[in-house]
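Participant:
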Amino acid sequence: MFTRWRRVFDGNRALWIVAAVAVASLVVGLLVGRFVVSPAEASARAEPPEPGLITVPVEFGELSNDVTIRGEVGYADAAEITLDTSSLTGPAIVTGRVPEAGAEFGPLAVALEIAGRPVIVLPGDLPAYRTLRFGMSGPDVVQFKQAMAAVGINAGDPASDVFDAAAAAAVPALYDLVGYAPPPPPEGGDEAVRAASEGVTAAQQSLAAANDELNRAGSGASAVALREADNQVASAQRQLDAARMAVPLDPLVVADLEDALALAKLRRDEVAAAPDTRAQRAAVDAARSQVAQAQEALTRAREEALPFLPSSEVLYLAALPRRVDAVTAARGSILQGVAMTVSGATLELTGSAAEADATLLQVGGEASFELPDGASHRAVIAEVTPGEESSGRWTIGFTPDPLTPEQIQQLQGANVRVSIPVGATEGEVLFVPLAAVTAGPGGESRVEVVDGDPRDGDQAETRLVDVETGLAADGSVEVRPVESGELEEGDLVVVGR
Numbered sequence: 000m001f002t003r004w005r006r007v008f009d010g011n012r013a014l015w016i017v018a019a020v021a022v023a024s025l026v027v028g029l030l031v032g033r034f035v036v037s038p039a040e041a042s043a044r045a046e047p048p049e050p051g052l053i054t055v056p057v058e059f060g061e062l063s064n065d066v067t068i069r070g071e072v073g074y075a076d077a078a079e080i081t082l083d084t085s086s087l088t089g090p091a092i093v094t095g096r097v098p099e100a101g102a103e104f105g106p107l108a109v110a111l112e113i114a115g116r117p118v119i120v121l122p123g124d125l126p127a128y129r130t131l132r133f134g135m136s137g138p139d140v141v142q143f144k145q146a147m148a149a150v151g152i153n154a155g156d157p158a159s160d161v162f163d164a165a166a167a168a169a170v171p172a173l174y175d176l177v178g179y180a181p182p183p184p185p186e187g188g189d190e191a192v193r194a195a196s197e198g199v200t201a202a203q204q205s206l207a208a209a210n211d212e213l214n215r216a217g218s219g220a221s222a223v224a225l226r227e228a229d230n231q232v233a234s235a236q237r238q239l240d241a242a243r244m245a246v247p248l249d250p251l252v253v254a255d256l257e258d259a260l261a262l263a264k265l266r267r268d269e270v271a272a273a274p275d276t277r278a279q280r281a282a283v284d285a286a287r288s289q290v291a292q293a294q295e296a297l298t299r300a301r302e303e304a305l306p307f308l309p310s311s312e313v314l315y316l317a318a319l320p321r322r323v324d325a326v327t328a329a330r331g332s333i334l335q336g337v338a339m340t341v342s343g344a345t346l347e348l349t350g351s352a353a354e355a356d357a358t359l360l361q362v363g364g365e366a367s368f369e370l371p372d373g374a375s376h377r378a379v380i381a382e383v384t385p386g387e388e389s390s391g392r393w394t395i396g397f398t399p400d401p402l403t404p405e406q407i408q409q410l411q412g413a414n415v416r417v418s419i420p421v422g423a424t425e426g427e428v429l430f431v432p433l434a435a436v437t438a439g440p441g442g443e444s445r446v447e448v449v450d451g452d453p454r455d456g457d458q459a460e461t462r463l464v465d466v467e468t469g470l471a472a473d474g475s476v477e478v479r480p481v482e483s484g485e486l487e488e489g490d491l492v493v494v495g496r
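For reference, each letter of the sequence shown is one residue, going 0 to 496 in numbering that gives the first Met the number 0.
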């Protein structure tokens, strides 16, 4: 193949040389024409262009004045969760119910399972810092009762700060709702109640026996004893009567018989009088005291055996539902320190603005921000909070319209541009750049409309149109022609010469 082309070239060498020279001449000519400029042409190019009018077209649309800030997207009120496991008798081993990031906790949710026992989520602000038992009082008791009312369980007067029998009875109902058995009673509690109950029975039997003894002692003298005492009095009376009638009368004998009669009457009065039952009554009082003490012991034993709420089995969280952001607890491990991090279940957008801009904003006002795909998404201003005077910045909180799970995942932790309209026209209007509006001799506002070719400069045909101005935003201003002036979308207005 190479040999064939060589024979062709050798046979037409003169022709090939002429063609190469022609191509080279063409290239050189083009380069010279491109880069070599005559002095006259260079001078012409250096002269400024003919002056013309600088114009822009009149636009028609909605005009708004926006405050633009940067905002962070995330879940509100993030909090680290630690649990009080001091009430456990053994190690705090996580045995199950470990949530995944993104899970939500509502009332009665089980946040974790520790040593086979649940950690129940309830609404409240105070942490569970002690085990609640019968007789305790405090704000944590009020919180428990109010939480029970919130989930539909009667725990007694929600305003009372005493953990009473009604509150204790609510504990089994709570565990029944979450599907777990209530905490077992303290070791030996049942035996203590049984022993106290037997003590009450024994004390009551002793009281019954003391009452029987008192009744017997207080029943009075028997009829036989009283008759014998009467007979003795009658016998002494007859002997005295006989001695008084004896002749000669012996005063000494009469005196002795009178004493004997008085003694007989005294003995009869003693037999007829009420018996002395002071000892029996003292025995009854002592037996009654024993019964009261036994009943108090039984009450205490029963109270100690009432259901209780361990601090390790309840987790109070405010503003439920809550979202799980991260979990450090792992099944099979011993719980130490922070178990998980939770935040509000509602995504929020937070930013800051200068005081001058923030004072233009109102709660309930609308805003918009860009989604990852570039689409605009609506949000509502939820709070406008003044910052420290030294910073001059105010905190602005927004509540976005509902987002899909995919959008939430993409936006979590993102920094976005937020636009907040602080003034807008009612519908579409004509507007021009602020530079297009000038003041007339009477102070009226006007624009200069070009009807000819703007490139003609001052020779171009123009007309002045008086206008009323409206909302100004982003360098533009709403204009409305007055009287007989005509102004339409697309008209060219002068902004400079």
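Just so you know, even glycine gets a beta-carbon here, dropped at the ideal spot from N, CA and C.
Would you identify the three-state DSSP class for PHE104, choosing helix, strand or coil?
Facilitator: strand
Participant: Got a sec? Which residues, its chain only, sit under 8 Å from GLU103 by beta carbon, not counting five neighbours each side?
Facilitator: PRO320, ARG321, ARG322, VAL323, ALA344
Participant: Secondary structure at ARG287, three-state DSSP: helix, strand or coil?
Facilitator: Assignment of ARG287 by DSSP, reduced to helix, strand and coil, places it in the helix class.
Participant: Mind checking who MET339 pairs with in its DSSP beta bridge?
Facilitator: ILE80, VAL326
Participant: Assess, as a yes-or-no matter, whether the segment 463-475 is touched by the segment 421-429 under the definition of 3 or more beta carbon pairs within less than 8 Å.
Facilitator: Yes, since at least three Cβ pairs between the segment 421-429 and the segment 463-475 fall closer than 8 Å, the two stretches touch.
Participant: Can you grab the Cα-Cα spacing for the pair ALA338 / THR81, in whole Å?
Facilitator: 6 Å
Participant: Can you list, in chain order, the stretches of the alpha helix (DSSP H) that have 4 or more residues and sit fully within the segment 196-267?
Facilitator: Uninterrupted alpha helix (DSSP H) stretches at least 4 residues long and entirely within the segment 196-267 occur at 222-244, given in chain order.
Participant: What separation, rounded to the nearest whole angstrom, lies between the Cα atoms of ALA202 and ASP211?
Facilitator: 14 Å
Participant: Alpha carbons only, please: which of ASN230, THR200, ASP229 is nearest the one belonging to GLN292?
Facilitator: THR200
Participant: Can you name the residues that DSSP bridges to THR461?
Facilitator: VAL449
Participant: What's the C-alpha gap between GLU112 and THR67?
Facilitator: 47 Å
Participant: Quick one: Cα of ARG129 to Cα of ARG392, how far?
Facilitator: Spanning the two alpha carbons is a distance of roughly 42 Å.
Participant: Among ALA459, HIS376, PHE143, which residue has its Cα nearest to the Cα of LEU52?
Facilitator: ALA459
Participant: Is it the case that the Cβ atoms of ARG280 and LEU213 are separated by a distance below 8 Å?
Facilitator: Remark: C-beta atoms of ARG280 and LEU213 approach each other more closely than 8 Å.
Participant: Could you spell out where the alpha helix (DSSP H) holding VAL141 opens and where it closes?
Facilitator: 138-149
Participant: Could you give the distance in angstroms between the alpha-carbon of LEU173 and the alpha-carbon of LEU308?
Facilitator: If I take the Cα positions, the gap works out to 10 Å.
Participant: Under 8 Å Cβ to Cβ from ALA381, same chain only, skipping five residues before and after it: list those, please.
Facilitator: GLU347, VAL362, GLY396, PHE397, THR398
Participant: Let me know if ILE419 comes out buried or exposed under the rule of 16 or more other beta-carbons within 10 Å of its beta-carbon.
Facilitator: buried
Participant: Specify the secondary structure class of LEU470 as computed by DSSP and reduced to three states.
Facilitator: strand
Participant: Could you tell me which of GLN406, PRO183, VAL223, GLU79 sits nearest to GLY373, measuring between CA atoms?
Facilitator: GLN406
Participant: What does the alpha-carbon distance come out to for the pair PRO182 and GLU302?
Facilitator: 15 Å
Participant: What span of residues does the beta strand (DSSP E) with GLU369 cover, start to end?
Facilitator: 365-369
Participant: What are the boundary residues of the beta strand (DSSP E) that includes GLY74?
Facilitator: As written in the sequence, residue 74 is Tyr, which differs from the Gly given in the question. Where TYR74 is concerned, the enclosing beta strand (DSSP E) stretches over 63-74.
Participant: Using 10 angstroms around the beta-carbon of ALA552, count the other beta-carbons present and answer buried if the total reaches 16, otherwise exposed.
Facilitator: Because residue 552 is not part of the residues shown, which for the chain are 0 to 496, the question remains open.
Participant: Figure out for me which residue from ASP268, VAL223, LEU121 has the closest Cα to the Cα of LEU176.
Facilitator: LEU121
Participant: Leaving out five residues before and five after ASP490 in sequence, what residues of the same chain have Cβ atoms less than 6 Å from its Cβ?
Facilitator: VAL57, VAL448
Participant: Can you tell me the Cβ-Cβ gap for GLU312 and PRO106, rounded? I've got them flagged as a contact below 8 Å.
Facilitator: Incorrect: roughly 15 Å between the Cβ atoms, too far for contact.
Participant: Taking contact to mean at least 3 C-beta pairs separated by less than 8 Å, is the segment 82-94 in contact with the segment 138-156?
Facilitator: Of all C-beta pairs linking the segment 82-94 to the segment 138-156, fewer than three are shorter than 8 Å, placing the two stretches out of contact.
Participant: Classify THR461 as buried or exposed, calling it buried when 16 or more other Cβ atoms lie within 10 Å of its own Cβ.
Facilitator: Looking at its Cβ environment, which holds 16 or more other Cβ atoms inside 10 Å, THR461 is buried.
Participant: Give me the residue from ALA216, ARG416, VAL150 with the minimum Cα distance to ASP275.
Facilitator: ALA216
Participant: With a cut-off of 8 Å on the beta carbons, I'd call LEU239 and LEU260 a contact; round off their distance for me.
Facilitator: With 8 Å as the limit, LEU239 and LEU260 qualify as a contact, their Cβ atoms being about 5 Å apart.
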